[in-house]
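Peer 1: Under full-length UniProt numbering, the first residue of the sequence shown is numbered 1, with each subsequent residue one higher.
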Amino acid sequence: MEIPYISEHPNDFQDKVSRKLVEKYHKAKLGKNEFKFNLKSLPAEIYDFSWKELIGVDCTQGGVTGIFLCQFEDNRALTVKGSPNVAQDYFTTLLYQKLAIQVPLARIVQYKDKEFKKMMHSLRSKTYHDLYIDNQLTHELDRPFLIVSEYYPTLSLLMLGPKRSALCFGYDKIKGYSRLRDLGVILALDLFLNNSDRIPLIWNNQGNPNTLCIEVIPTGLYGENLGDPEYVDIKLGTIFSVDSYCNCLRKDSVLAETLYNQHMERLERYIFSILRDLDEVLEGRNIGQVHFPSMEKAKEYFQSYANIALDGTQLFQIIKGIVAGLKDIADLEEGDLLEVYESARQLPMEDKMNVWASGMQHIDMQFLSDVKKIIVNAISASIENVNWVIRNYNIDESPLYM
Numbered sequence: 001m002e003i004p005y006i007s008e009h010p011n012d013f014q015d016k017v018s019r020k021l022v023e024k025y026h027k028a029k030l031g032k033n034e035f036k037f038n039l040k041s042l043p044a045e046i047y048d049f050s051w052k053e054l055i056g057v058d059c060t061q062g063g064v065t066g067i068f069l070c071q072f073e074d075n076r077a078l079t080v081k082g083s084p085n086v087a088q089d090y091f092t093t094l095l096y097q098k099l100a101i102q103v104p105l106a107r108i109v110q111y112k113d114k115e116f117k118k119m120m121h122s123l124r125s126k127t128y129h130d131l132y133i134d135n136q137l138t139h140e141l142d143r144p145f146l147i148v149s150e151y152y153p154t155l156s157l158l159m160l161g162p163k164r165s166a167l168c169f170g171y172d173k174i175k176g177y178s179r180l181r182d183l184g185v186i187l188a189l190d191l192f193l194n195n196s197d198r199i200p201l202i203w204n205n206q207g208n209p210n211t212l213c214i215e216v217i218p219t220g221l222y223g224e225n226l227g228d229p230e231y232v233d234i235k236l237g238t239i240f241s242v243d244s245y246c247n248c249l250r251k252d253s254v255l256a257e258t259l260y261n262q263h264m265e266r267l268e269r270y271i272f273s274i275l276r277d278l279d280e281v282l283e284g285r286n287i288g289q290v291h292f293p294s295m296e297k298a299k300e301y302f303q304s305y306a307n308i309a310l311d312g313t314q315l316f317q318i319i320k321g322i323v324a325g326l327k328d329i330a331d332l333e334e335g336d337l338l339e340v341y342e343s344a345r346q347l348p349m350e351d352k353m354n355v356w357a358s359g360m361q362h363i364d365m366q367f368l369s370d371v372k373k374i375i376v377n378a379i380s381a382s383i384e385n386v387n388w389v390i391r392n393y394n395i396d397e398s399p400l401y402m
């Protein structure tokens, strides 16, 4: 039923649901305040704060779900997110931390925690006047497990545009090409976890530009200009991954086993193609031309979503990051990986409707072990070139012959 919120008075409606919606609208209209989230907020300490100090909430789209930006006193902020893949999200966050990959600090708030009710009450108390955000709260946070994370001002790839992309992925006087190498490390983890929802290196999709974001250092007076891709008077920081999931395959049927084996073959071919491109450069066989078959999809992705044509030097930095990331995965002890898995599996005090257990079913240790074997074999076969990457990892100059 369509409800004419604005023109009608609550008493005109006999339907109980309709009456409550209209009452909510009129209450909001009377009590509305114009909260504006401070994009230059500093990260709040996610383990040591009080929800009573919350002063406002805004909502933004990040990754595949809405993210709630929570403003606290003293210009501090954090984020709250409800993820449909919360167990995988938490597992991958722990794995990132184990491999020393920079990722915003995060923790899980469970519906059995005393904090859960306090958090939801505080969020509701600051959003009742805004029907959109209030409805988003209901839609996104009606889950038994929520993620509280550090807040960082960020830009997604779609918010960059040609000028900002050149600023972000070109040579930086301070960071050099480190963002591209950091991106390569993220992509190595995607290959390991079969996370297809970012850059389609081996997957038949278009990728997702909302799962990569770049930190904006809160200096200067960028304000509302942050959303303007033509505005470049900003200082950029680290590149982050958003919504990094683990999508393991299983061999629980004849068809599933066929798909499993096909994936392993495709993955192995791709990893060896990366190492072959690396070898071409180090052996000087690409004189007069720079072409990396392993980076074609990445190049198309950035052209489509970030309006930038990455050159050979930039693509080579991504290759260095992927190779270094694969080396870290190859060196990861089986016991360390199992420890991460068990830490994630045992987290819930109580698993309402088996939400957590269902998510953990997507994480299969046999699959990860088989992928790791492929990575170990590939790294071992090219160990001299891999060691060259490790020795020269932070060097921005490349040995490209052009």
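Virtual Cβ for every residue (Gly too), placed ideally from N, Cα, C.
Based on the DSSP secondary-structure assignment, which residues constitute the bridge partners of Lys81?
Peer 2: The residue given as residue 81 occupies position 81 in the sequence shown. Partner(s): Ile67, Ile147.
Peer 1: Does DSSP put Ser196 in a helix, in a strand, or in coil?
Peer 2: As a first step, residue 196 is located in the sequence shown; it is residue number 196 there, counting from the start. If DSSP states are grouped into helix, strand and coil, Ser196 belongs with coil.
Peer 1: Would you mind stating whether Lys299 and Val232 have Cβ atoms separated by less than 7 Å?
Peer 2: Looking up residue 299 in the sequence shown gives position 299. Looking up residue 232 in the sequence shown gives position 232. Their beta carbons are not under 7 Å apart, which means Lys299 does not touch Val232 by this criterion.
Peer 1: Glu215 lies in the beta strand (DSSP E); which residues open and close that run?
Peer 2: Mapped onto the sequence shown, residue 215 falls at position 215. Taken as a continuous stretch (DSSP letters only), the beta strand (DSSP E) holding Glu215 covers 212 to 217.
Peer 1: Do you know offhand how far Arg250's Cα is from Leu183's?
Peer 2: In the sequence shown, residue 250 corresponds to position 250, counting from 1. In the sequence shown, residue 183 corresponds to position 183, counting from 1. Cα to Cα, Arg250 sits roughly 28 Å from Leu183.
Peer 1: Helix, strand or coil for Val109? Go by DSSP, reduced to three states.
Peer 2: Start at 1 with the first residue of the sequence shown, and residue 109 comes out as number 109. Strand, per DSSP.
Peer 1: Going along the chain, which residues of its own chain have a beta-carbon closer than 7 Å to the beta-carbon of Glu115, five neighbours each way excluded?
Peer 2: Numbered from 1 along the sequence shown, position 115 holds the residue referred to as residue 115. Excluding residues within five positions, the ones whose Cβ falls inside 7 Å are Val109.
Peer 1: Can you give the Cα-Cα distance for Thr93 and Val103, rounded to whole angstroms?
Peer 2: Here residue 93 refers to the residue found at position 93 when the sequence shown is read from its first residue. Here residue 103 refers to the residue found at position 103 when the sequence shown is read from its first residue. Going from the Cα of Thr93 to the Cα of Val103 covers about 7 Å.
Peer 1: With distances taken from CA atoms, which of Thr211, Thr79, Gly66 is nearest Glu45?
Peer 2: For the purposes of this step, residue 45 is taken as the residue at position 45 of the sequence shown. Comparing Cα positions, the closest option is Thr79.
Peer 1: List the whole-angstrom C-beta distance separating Met353 from Ile318, where the pair is believed to meet the contact cut-off of C-beta under 8 Å.
Peer 2: Translated into the one-based positions of the sequence shown, residue 353 becomes position 353. Translated into the one-based positions of the sequence shown, residue 318 becomes position 318. With a Cβ gap of about 41 Å, Met353 and Ile318 do not count as contacting.
Peer 1: Any contact between the region 319 to 336 and the region 372 to 383? By contact I mean 3 or more CB pairs, one from each, below 8 Å.
Peer 2: yes
Peer 1: Going by C-alpha to C-alpha distance, which of Pro399, Asn394, Tyr305 sits closest to Leu278?
Peer 2: Here residue 278 is taken as the residue at index 278 of the sequence shown, counted from 1. Considering only alpha carbons, the answer is Pro399.
Peer 1: By alpha-carbon positions, which one of Asn307, Asn261, Gly312 ends up nearest to Glu280?
Peer 2: Here residue 280 refers to the residue found at position 280 when the sequence shown is read from its first residue. Nearest C-alpha to Glu280: Gly312.
Peer 1: Can you give me the start and stop residues for the alpha helix (DSSP H) that Leu161 sits inside?
Peer 2: The residue you call residue 161 lines up with position 161 of the sequence shown. Position check: residue 161 holds Gly in this sequence, whereas Leu was assumed. It spans 161 to 169 - the alpha helix (DSSP H) in which Gly161 sits, taken as one unbroken run.
Peer 1: Answer with buried or exposed for Thr211, where buried requires no fewer than 16 other C-beta atoms within 10 angstroms of its C-beta.
Peer 2: Translated into the one-based positions of the sequence shown, residue 211 becomes position 211. Counting Cβ neighbours within 10 Å, Thr211 comes out buried, since at least 16 surround it.
Peer 1: Pick from Val242, Glu397, Glu257: whose alpha carbon is nearest that of Val86?
Peer 2: If you number the sequence shown from 1, residue 86 lands on position 86. Of Val242, Glu397, Glu257, the residue nearest in Cα terms is Val242.
Peer 1: Looking at the unbroken beta strand (DSSP E) that takes in Phe49, where does it start and where does it end?
Peer 2: As a working note, residue 49 is residue 49 in the sequence shown. Counting along the chain, Phe49 sits inside no beta strand (DSSP E), nor does DSSP assign it H or E at all.
Peer 1: Do Val185 and Ile271 have their C-beta atoms closer together than 7 Å?
Peer 2: As a position in the sequence shown, residue 185 is number 185, starting the count at 1. As a position in the sequence shown, residue 271 is number 271, starting the count at 1. No, they are not a contact pair.
Peer 1: To the nearest angstrom, report how far apart Ile56 and Asp48 are at their CA atoms.
Peer 2: Indexing the sequence shown from 1 puts residue 56 at position 56. Indexing the sequence shown from 1 puts residue 48 at position 48. Strictly speaking, residue 56 in this sequence is Gly, with Ile absent from that position. Their backbone Cα atoms lie some 18 Å apart in a straight line.
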